[in-house]
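K.L.:
Residue numbers (this note's numbering): 18 to 182.
Take a look at this one; I'll ask things after.
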Ligand SMILES: CC(C)(COP(=O)(O)OP(=O)(O)OC[C@H]1O[C@@H](n2cnc3c(N)ncnc32)[C@H](O)[C@@H]1OP(=O)(O)O)[C@@H](O)C(=O)NCCC(=O)NCCS
């Protein structure tokens, strides 16, 4: 039911996600140590690891009744050829815990598999470890890898989780 009301569209305009980011101020303060602004929006749409082309990146808006209520940022073929790295999955606070994160990932996974990728990868920042439960519930497992994490003002660690599709 909810599934049929959601739609997913590629995002390319940083101003279109600013309100969404501002509604999740707490999240950005927790992992970046700053409030989100237009630079945060640009970074979500365009920033990528060294050696990754812009064509490998796809940031998708999650829309409910034409209103943007979330986004998923993905990097295809990173760090391995058949892996898709989820840079961010963000659902607006008013819509959390209603199944939208799970439904969105299910939809995105369908397209990802169709394109020949077999693994999803996510890094969970230590200060946001509470969301590991969400990723576990949708089939991700801890790989045991712990990496250095450098947010704008926060230096910490992140745990890598993966899901085989
Ligand atoms: C993490 C996030 C994307 C989850 O989206 P959501 O739409 O709230 O998740 P769902 O409603 O689909 O939840 C699916 C399951 O995960 C559980 N879950 C979701 N968020 C959780 C949390 N923070 N802690 C524990 N369990 C959680 C739900 O209870 C649900 O469990 P159930 O199937 O047993 O009922 C959302 O909370 C969010 O945008 N958080 C801020 C950004 C963020 O931290 N992103 C992840 C970066 S690693």
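Backbone N, C-alpha and C define an ideal beta-carbon position, used for all residues, glycine too.
1) Quick check on DSSP: helix, strand or coil for residue 171?
2) Flag residue 132 as yes if its beta-carbon sits less than 8 Å from any beta-carbon of chain C, otherwise no.
3) Identify, in the order they occur along the chain, each residue of the same chain with its Cβ nearer than 7 Å to the Cβ of residue 39, setting aside the five sequence neighbours on each side.
4) Within 10 angstroms of its Cβ, does residue 89 collect 16 or more other Cβ (buried), or is it exposed?
5) Unbroken alpha helix (DSSP H) runs of length 4 or more, entirely within the segment 74 to 127: which are they?
6) Pull up the DSSP beta-bridge partners for residue 140, would you.
7) Assign residue 84 to one of two classes, buried (16 or more other C-beta atoms within 10 Å of its C-beta) or exposed (fewer than that).
P.N.:
In short:
1) Position 154 of the chain shown holds residue 171. In this structure, residue 171 counts as coil in the three-state DSSP scheme.
2) As a matter of chain content, chain C is missing from the structure shown, which is built from one protein chain.
3) Counting from one through the chain shown, the residue named residue 39 turns up at place 22. These residues qualify, in order along the chain: 53.
4) Against the chain shown, residue 89 aligns to sequence position 72. That one is buried.
5) Runs of the alpha helix (DSSP H) inside the segment 74 to 127: none found.
6) What you label residue 140 is simply residue 123 of the chain shown in a count that begins at 1. The partner list for residue 140 (beta bridge, DSSP) reads 177.
7) Your numbering for residue 84 matches position 67 in the chain shown. Exposed.
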